[in-house]
Amino acid sequence: MSEERIPVSSQRLSEGDILKILSEEGVHIESPPIAEYTRGEIEHDGLEGLDEHAVRFLDSVEGVCESYLSGPLIRDSFATHPERRAWRNEIETKYGRAVTDVLNRNRLRLNNIGALHSYFTHIGMILGTRRDRTPKMNAILEVSKLTPDISRYDDMSVAEKAAVVSQFDEIAKKYLRIVHNDETHE
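Each residue of the sequence shown is one higher than the one before, counting from 2 in the numbering used here.
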């Protein structure tokens, strides 16, 4: 009796399996930095005086930071975006949509960097004009000012993009330490 083979694309693959497949496909993978951060509850002390919308927004930034930091850093050697897109289509056809979901979480993607940049820019708008900032608000505002310029991101080399990612990694981790009171803000 012959065994019926299940096509790889219809099997359920774990993220670890997918990262292994991608590595075998020739891309360089770095683990997510989220493991360096121990999650706790958001502490709202030090946010007194902010309206409910602003506090909810700062809470949402926590989720964006955690999501970003949980993504792998995936480097490929494609010279152009069309080459990368063709490869992604081939990989998705071969292994299924789950591979694309992992690739979409790549911290090198402008979509992911851009989201963080937008959130931290908005923090600057919320806290920047307040005169009655607490030390915690000041610490959050200072972190928001650390965001690098990403206007030329598409034109950067992979090494330059990796340097930007490293900056955003540190900004996101610092934000999480502040909102969880893992860092003093005096």
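Think of the CB as a built atom: it goes at the ideal place given N, C-alpha and C, for glycine as much as any other residue. Only a predicted model underlies this, so the values are computations on that prediction, with no experimental measurement involved.
Between the region 153 to 170 and the region 133 to 145 there are fewer than three C-beta pairs closer than 8 angstroms, too few to call the two in contact. Residue pairing from DSSP leaves Leu70 without any beta-bridge partner. Here the alpha carbon of Phe58 sits roughly 21 angstroms from the alpha carbon of Ile35.
Contact between Ile114 and Ile75 is ruled out by a C-beta separation of about 14 angstroms, above the 8 angstroms threshold.
For the 8 angstroms CB-CB criterion, Gly72 and Arg106 form a contact. Counting along the chain, Ile30 sits inside the beta strand (DSSP E) bounded by residues His29 to Glu31. A distance below 6 angstroms between beta-carbons, with the five flanking residues on each side excluded, links Leu48 to the following residues of its chain, in chain order: Val56.
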